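Residues in the sequence shown are numbered consecutively from 2, following this note's numbering. Virtual Cβ for every residue (Gly too), placed ideally from N, Cα, C. Everything numeric in this text was worked out from a predicted model, so none of it was measured. Reviewing the structure listed below.
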Amino acid sequence: MSINQRISEVIHAFGDSESGFAKRIGVSSSVVFNIVNPKGRMSYPSGVMLEKLLALEKGGKVIAAEWLMRGNGEMFSNQKGFQSAEEALQYLSETIQQLKGEQRK
Numbered sequence: 002m003s004i005n006q007r008i009s010e011v012i013h014a015f016g017d018s019e020s021g022f023a024k025r026i027g028v029s030s031s032v033v034f035n036i037v038n039p040k041g042r043m044s045y046p047s048g049v050m051l052e053k054l055l056a057l058e059k060g061g062k063v064i065a066a067e068w069l070m071r072g073n074g075e076m077f078s079n080q081k082g083f084q085s086a087e088e089a090l091q092y093l094s095e096t097i098q099q100l101k102g103e104q105r106k
């Protein structure tokens, strides 16, 4: 499953439409459309978008970074796992580089 499909699952988990989810996280609906809708570009989410996704909470749980980036584990986690936004962005940056390297192979 691609990260685009996992983000689509997050949208459904929150019970939102694409435009409703865009409002929830403070981005334009075209950004969400181009990430998750097959009629869009299916572009890779930006670091800012990923940071906003990892900050979402539902029922006292947050989206698990490992699930979001790689599809490992469960969608939601009981703990944030990062002490700061910088730490989360560092993890995302390293993971993106690893995934790009894997795609080149």
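Helix, strand or coil: which one does DSSP assign to residue i?
i      : result
Ser47  : coil
Lys101 : helix
Gln77  : The sequence as given places Phe at residue 77; Gln does not occur at that position. Residue state, collapsed to three classes: strand.
Val63  : strand
Would you please verify whether the beta carbon of residue i is less than 8 Å from any beta carbon of chain B?
i     : result
Gly72 : Among the chains in the structure shown there is no chain B, since it carries only a single protein chain.
Give me, in chain order, the residues of the same chain whose beta-carbon lies closer than 8 Å to that of residue i; leave out the 5 immediate sequence neighbours on both sides.
i     : result
Asn35 : Gly41, Arg42, Met43 and Ser44
Apply the 10 Å Cβ neighbour rule to residue i and answer buried if 16 or more other Cβ atoms are within range, or exposed otherwise.
i     : result
Phe22 : buried
Pro39 : exposed
Ala14 : exposed
If we call anything under 8 Å between Cβ atoms a contact, is residue i one with residue j?
i     : j     : result
Leu51 : Val11 : no
Met2  : Gly60 : no
Leu93 : Gly48 : yes
Arg25 : Asp17 : yes
Val32 : Asn5  : no
Ordered along the chain, which non-local residues of its own chain (more than five positions away) have a Cβ less than 7 Å from that of residue i?
i     : result
Glu75 : Ala65 and Trp68
Lys62 : Phe77, Ser78 and Asn79
Identify, in the order they occur along the chain, each residue of the same chain with its Cβ nearer than 6 Å to the Cβ of residue i, setting aside the five sequence neighbours on each side.
i     : result
Ser20 : Ser30
Ile97 : none
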